[in-house]
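Structure, as C-alpha cells:
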C-alpha cells in the first residue's frame, strides 16, 4: 500500500491575561495594558472595569470658579453659592459686587480659616457668618469743602495739653509741662519732670487727623497710604514740612468714625481748607495666591505703575486685609524680589511651605517665626503656563503639569510620572484629587480634550473621556468638577445629583504578535467577565495595522460567565483587538488562542 507523508499538528499557543494595568499610549506595551481606552478605572484592579456613574448636580449659566470648604462653594456669573444657597445678597448689602468684566476673569477662590477670598475682585466673606463680608481694600476721599484738622495726641487719640514751642526750654515749668524743642532740625516733643528737674523726649508722637467719616472703613493697625495732606502757603515752613510728612505709608494706631491716629509731630494744630486728602488700604495685584501658616501669599510679575515687578508677598499674620503693615514685628506683612526671569505660572502650599512656580523654576518660601522669611530657588521643571490649576496634593505628594510631562514633587526635586501617556504634548491642564487618585483634564496639540486618572498607589493611568473641566474641588468622599462646554456641575463618584443611566466604555490593545517572528492565526478568544443584565459588549480585531476593524463577536449581559468568541482564522504578522460596550462590566481574564504558521 502507498505511504503518505505525516502532517505535523499546527502549533497552538494559549496566552492568558488576568491582570489589567491601564493606559499606555506608547508603541510597545505589555499585555494587560491598553493603547487607548475610554471610561475605565483601576478601582477593581486586577480586573478591568468601567468607571463609576457620575452625578449631574446642576447646569450653571456662566461658571467662574469653585472651592470646597466645609461645604461646596462656586461662582455662577456674578452670584456666589455655598451649600447650594445663593449668598450674594450679603456682599451686595455691603456695597460689593462680583464682576463679570473680562478684565476681572478668571476667578480664583482661596480659603483662609473661615473666610473665602475672591480674586481678582478682592472680596471676602466669612462662611460661618455671612454678614462678615466686604472688600479687602478700603479708601477715603475727603470732599473739597470738608473740615480737616490736625493735632498732636497720644497713641489712643487723647489730646495733649498745648505745648510750648521754642529753641530754648521754658522757665519755671510745671510738672508734666510739654515743650517742642525747635533747636534741632527735627523738632522733638519733651515733657518736664519736677522730680528730676529734666526735660525728657517723648520717643513717639502721634497726630490725629480729623474729618467726617475718615476712619469708618479702617481699623487699628491698618497699613495705609495717605496723600493730599498739605498746609497752605500762609503756614510756617516748618509746619508745612511736618504736615507734608504725614503723606505716604502709615500705620493707623487708633481710629474712630471721624478720626485716625498716625505717627507725626506738629508744632501746632492746623486746619486744612484747600485740597482733598485720600487714605487707602490696598492689596497688591497678584498673579497667583495661596494660603499658608495663617497668611495669604502671592506673586506678581510685570509692570506696576510703570515699574517692573518680580516679587512675592504675604499679608500680616491672620489679617488678609493688610499687605503694608510694617511694625517691626514677626507678624508684619512681607515682600521680596526674586531674580529669576519670566512670568509666574502657579502657586501652591505643600507641606506648609508656599511654593511659587515659573516654567523652569521653583521658589520655595521657608516661613520664619521671627518674620525673617527666606526664598530658596531651584532650576527644575516648573508649572506649564496655563496649567496652574493642575497643582494638586495627593497623599502629601504634589502633582502638576510641566511643559513636557506630569511631575510628582515630594519636597526635593520633581520626577516624571507620565511615561504611559506617550509622546503627545498636552496643555491647559486642570486637576483635582480624591483618595489616591489624581484627575487631570487637558488638551492635546490638536485641541482634543481628555480626562486622565492616575492611581498614585498603583501607578496606573486610565483615560476616562473627553471632559474639558473648568475646575475641580474635593469635599468629603466626593470630587466635583464643572464641565466647561456644557457648564454642568458634576460629581465624579455620583454620590450627589442625577446619575448617568449607563457608561459606554472601550479598551484597545497595542500591537500583538511582534514577539514571534512567524506569521500566526487568531483562532478564538475566551473572555471571563461579569456582564450584568442590560449591559452589552462587542469585540473587534484589526490585522497588520490595515485600519479595518472586523467584528468578532457580540455579548449580552447574563451575569458572570465565560464567553468564547470564535474568530475566522486569518494569517497575519501582528494584530490588535478592541472590546467596547455599554453598562457595567468586570473582566477577570482574557485568553487568546493563536496558531503559528511559517515566517514567510
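Numbering (the working numbering), first residue to last: -12 to 587. No residue lacks a Cβ here, since even glycine has one placed at the ideal position from N, Cα and C. These figures come from a predicted structure and were not determined experimentally.
query: Report all residues from its chain with a CB closer than 6 angstroms to the CB of residue 351; omit the five preceding and five following residues, and keep chain order.; result: 340, 342, 363
query: Taking the C-alpha atoms as reference points, what is the distance between residue 572 and residue 25?; result: 13 angstroms
query: Quick check: the stretch 234 to 243 against the stretch 201 to 209, are there 3 or more CB pairs under 8 angstroms?; result: yes
query: Measuring straight from C-alpha to C-alpha, what distance separates residue 75 and residue 445?; result: 43 angstroms
query: Cutting at 8 angstroms between CB atoms, please list the residues of its own chain near residue 469, excluding the five before and the five after it.; result: 47, 50, 53, 61, 456, 457, 458, 475, 476, 477
query: Have a look at residue 315 and residue 144 and give me their C-alpha separation to the nearest angstrom.; result: 22 angstroms
query: Which residues in the same chain have their Cβ closer than 7 angstroms to the Cβ of residue 521, if we skip the five residues on either side of it in sequence?; result: 544, 570
query: Would the stretch 402 to 422 count as touching the stretch -2 to 15 if we require 3 or more Cβ pairs under 8 angstroms?; result: yes
query: In whole angstroms, what is the alpha-carbon distance linking residue 66 and residue 282?; result: 26 angstroms
query: Curious, which full-length beta strand (DSSP E) runs of at least 3 residues does the stretch 464 to 531 contain?; result: 465 to 470, 475 to 478, 491 to 496, 507 to 518, 523 to 530
query: So the candidates are 305, 304, 288; which of them puts its Cα closest to the Cα of residue 297?; result: 288
query: Would you mind working out which of 174, 172, 184, 171 sits nearest residue 163, comparing C-alpha positions?; result: 184
query: So, is residue 320 buried or exposed, given that buried needs 16 or more other C-beta atoms within 10 angstroms?; result: buried
query: How would you write the range of the alpha helix (DSSP H) that residue 172 sits in, first residue to last?; result: No alpha helix (DSSP H) holds residue 172; DSSP gives it neither H nor E.
query: So what's residue 270 in DSSP terms, helix, strand or just coil?; result: coil
query: Which ranges would you report for the beta strand (DSSP E) in the stretch 240 to 313 if only whole runs of at least 3 residues count?; result: 241 to 243, 246 to 250, 257 to 259, 265 to 268, 275 to 279, 282 to 291, 294 to 301
query: If we ignore side chains and look at the alpha-carbon of each, how far apart do residue 534 and residue 104 end up?; result: 53 angstroms
query: Alpha helix (DSSP H) containing residue 121: first to last residue?; result: From DSSP, residue 121 is part of no alpha helix (DSSP H) but of the beta strand (DSSP E) over 116 to 122.
query: Hey, out of 219, 370, 304, 303, whose CA is closest to residue 413's CA?; result: 370
query: Any idea what DSSP makes of residue 462, helix, strand or coil?; result: strand
query: Count the C-beta pairs between the stretch 110 to 120 and the stretch 147 to 155 that are closer than 8 angstroms, then say yes if the count reaches three, no if not.; result: no
query: In chain order, which continuous runs of the alpha helix (DSSP H) of length 4 or greater are located wholly inside the stretch 74 to 122?; result: 75 to 80
query: Kindly list the residues whose CB is nearer than 6 angstroms to the CB of residue 344, restricted to its own chain and excluding five residues on each side of it in sequence; keep chain order.; result: 332, 333, 369, 370
query: When you compare each of 129, 112, 264 to residue 122 by their alpha carbons, which one comes out closest?; result: 112
query: Spatial neighbours of residue 120 within its chain, please: CB distance less than 8 angstroms, with the 5 preceding and 5 following residues excluded, ordered by chain position.; result: 77, 78, 81, 83, 110, 111, 112, 113
query: What does DSSP give as the partner residues of residue 236 in its beta bridges?; result: 212
query: List the whole-angstrom C-beta distance separating residue 493 from residue 565, where the pair is believed to meet the contact cut-off of C-beta under 8 angstroms.; result: 6 angstroms
query: Could you tell me which of 540, 523, 563, 462 sits nearest to residue 70, measuring between CA atoms?; result: 462
query: What is the DSSP secondary structure of residue 573, counted as helix, strand or coil?; result: strand
query: When we look at the beta-carbon of residue -6 and count the other beta-carbons within 10 Å, is it buried (16 or more) or exposed?; result: Bear in mind that a pLDDT of 48 at residue -6, under 50, signals an unreliable position, so the number given afterwards is only what the model happens to contain. It is exposed - the Cβ of residue -6 has fewer than 16 other Cβ atoms within 10 Å.
query: Taking residue 234 as the reference, give the member of 221, 251, 415, 224 with the closest Cα.; result: 251
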